[in-house]
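Numbering (the working numbering), first residue to last: 77 to 445.
Since the structure comes first, as structure tokens, the remarks are kept for the end.
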Amino acid sequence: MAERSIPLVDHRSIGRVPRVPAAAPPPTGVLLDTRQRPLRDLRISVTDRCNFRCSYCMPKSVFDRDHPFLPHKDLLTFEEITRLAKVFIAHGVQKVRLTGGEPLLRKDLDRLVAMLAGLRTAEGRPLDLTLTTNASLLARKARDLKDAGLQRVTVSLDALDDAVFRRMNDMDFPVADVLAGIEAAQAVGLGPIKVNMVVQRGVNDHEILPMARHFRGSGIVLRFIEYMDVGVTNGWRMDQVLPSAEVLERIGREFPLVPLQANTPGETAERWAYRDGAGEIGLISSVTRAFCRDCNRARLSTEGQLYLCLFASQGHDLRSLLRGNASDEQIAAAIGHIWQQRDDRYSELRGSAQAPERSAKVEMSYIGG
Ligand code: SAM
Ligand code: SF4
Ligand code: SF4
77 MAERSIPLVD HRSIGRVPRV PAAAPPPTGV LLDTRQRPLR DLRISVTDRC NFRCSYCMPK
137 SVFDRDHPFL PHKDLLTFEE ITRLAKVFIA HGVQKVRLTG GEPLLRKDLD RLVAMLAGLR
197 TAEGRPLDLT LTTNASLLAR KARDLKDAGL QRVTVSLDAL DDAVFRRMND MDFPVADVLA
257 GIEAAQAVGL GPIKVNMVVQ RGVNDHEILP MARHFRGSGI VLRFIEYMDV GVTNGWRMDQ
317 VLPSAEVLER IGREFPLVPL QANTPGETAE RWAYRDGAGE IGLISSVTRA FCRDCNRARL
377 STEGQLYLCL FASQGHDLRS LLRGNASDEQ IAAAIGHIWQ QRDDRYSELR GSAQAPERSA
437 KVEMSYIGG
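Pasting the structure below:
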């Protein structure tokens, strides 16, 4: 029988059952971790499946036909997700991003969007509700998502050249369909749209300038993400990381750029504007300029594990509370306790002697980006 590669760990079986403190005060809307970072941003993965096999995220050799994706009964239901979202909002979350895997593969996602769009922050404002997608199904779904209350989308696109793009998604998926998805999102008003490009030296760095030229002046913000050592399956190497400084230099040589202020505290992207007024770009320098100091993001996996860092090896099993009849107050107390213990800052420590052993990092497709 042919040997087949398997994930080094089954990262999905290691969530801790959270402790529920007996006499926790009710949420105040401001929850700080050990580094005084508030909880503001919740990323919810709605599926661990994807129709792409980007090699930096779900390499085919691991995520093949025999890969044990989660059975439907293990996924949080829309009702469970909404219930948890409410508790997170009580603790101060203002922004919710739906992700995956590929979130548009989750059946009836617009129903979840409508449920989340109905929630209000402590100040009575609607959530900042957004979605990250590979856009393969966006042309078909943009209208329903908008009507359900989604505000905007972020689209992942790593190249404009069709051959390069097909090779990178490893499913021979054409770039034209992604561009059609972006157009449809623009047409229905799911903006301002962001486009994320993961840059890998020697793989798609020659696409930086064509991408910049294409999206300049379109109202779409193109953001360049440094290739990260997330998960354990992608065979990450430092020499494949193209530092953002180099992206800036390459674009700046053709189109002069000036720095912009951050929109919000804890924003992942450094913003730069084209001096001629043709819009802006973003640089997400997770490897060369860590931004853990302001990291206010929590991640909820498809099966209800709470992760405090993209590079965490263990989650906290909120689903066991949901399905074990815990009250909202008990769930709020447990989340409060977990966040107050949070000390994660993996990117700051990467490569240093203090860096934790990360042989069992969770996969990006499981907790979302
Ligand atoms: N499937 C959706 C998509 O691709 O937009 C959502 C999930 S995907 C895991 C979220 C984001 O993570 C994408 O923008 C993707 O490019 C990014 N990503 C995945 N693996 C990465 C890596 N190793 N380094 C940097 N970004 C990565
Ligand atoms: Fe799928 Fe997104 Fe991962 Fe690519 S980056 S394999 S589209 S989940
Ligand atoms: Fe946040 Fe962890 Fe990324 Fe640092 S490494 S910015 S703590 S998710």
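Every residue gets a Cβ at the ideal spot worked out from N, C-alpha and C, and that includes glycine.
All of these numbers come straight from a predicted model, not from anything done at the bench.
Cβ neighbours of residue i in the same chain (closer than 8 Å, five flanking residues each side left out)
i    : result
N372 : R113, P114, L115, R116, D117, P341, G342
D220 : D186
M28  : With the chain represented from 77 up to 445, any question about residue 28 goes unanswered, as that position is not in the structure.
Q316 : Q276, R277, G278, V279, Y303
Residue i: CB within 6 Å of a non-hydrogen atom of ligand 3
i    : result
Q133 : The sequence given here places Cys at residue 133; Gln does not occur at that position. Incorrect: C133 has no Cβ contact closer than 6 Å to ligand 3.
R116 : no
Residue environment, residue i, which counts as buried when at least 16 other CB atoms sit within 10 Å
i    : result
G391 : buried
Q430 : exposed
G293 : exposed
R375 : buried
D420 : buried
A98  : exposed
H148 : exposed
P101 : exposed
T446 : Within the shown structure, residues of the chain are numbered from 77 to 445, placing residue 446 beyond reach of any answer.
E178 : buried
S428 : exposed
L84  : The predicted model places L84 with a pLDDT of 41, which falls under 50 and marks its position as unreliable; any figure quoted below should be read in that light. That one is exposed.
N401 : exposed
G412 : buried
G295 : exposed
Ligand 2 heavy atom lying under 6 Å from the CB of residue i
i    : result
F65  : With the chain covering only 77 through 445, there is no way to say anything about residue 65.
G391 : no
N210 : yes
S320 : no
S441 : yes
Own chain residues within Cβ distance below 6 Å of residue i, not counting five before or after
i    : result
I301 : N272, V274, I360
A349 : V334, L336, E356
V96  : Q406, A409, A410
E346 : L359
A224 : D186, V189, A190
A198 : G105
L213 : L180
V264 : A218, R219, K222
K437 : G307, V308, F387, S389
Y442 : D124, S377
Cβ shell of residue i (< 7 Å), same chain only, five flanking positions each side left out
i    : result
D281 : V275, L318
L298 : V271, M273, M287, A288, F291, I357
I157 : I120, L188
Residue i beta carbon near ligand 1 (any heavy atom closer than 6 Å)
i    : result
V306 : yes
N245 : no
S428 : no
S232 : yes
I157 : no
Y303 : yes
T175 : yes
E178 : yes
M314 : no
M287 : no
V189 : no
N272 : yes
G460 : The requested residue 460 does not occur in the structure, where the chain is confined to residues 77 to 445.
Interface flag, residue i vs chain C, CB-CB below 7 Å
i    : result
L398 : Absent from the structure: chain C. Only one protein chain is present.
Q. If you measure from each residue's Cβ to the nearest non-hydrogen atom of ligand 3, which ones come out under 7 Å, in chain order?
A. Counting every residue whose Cβ lies closer than 7 Å to a heavy atom of ligand 3, we get S362, A366, F367, C368, C371, R373, C385, L386, F387, D420, R421, Y422, S423, E424.
(Q) Could you tell me which whole beta strand (DSSP E) segments of length 3 or greater appear in the stretch 304-356? (A) Listed in chain order, they are 333-335, 346-350.
Q. Which residue spans inside the stretch 181-264 form an unbroken beta strand (DSSP E) run of at least 3?
A. Entirely contained in the stretch 181-264, the beta strand (DSSP E) runs reaching 3 residues are, in chain order, 204-209, 228-232.
Q: Could you name each continuous beta strand (DSSP E) segment of 3 residues or more that falls completely within the stretch 386-431, going from the start of the chain to the end?
A: Counting only unbroken stretches of 3 or more residues, no beta strand (DSSP E) element lies wholly within the stretch 386-431.
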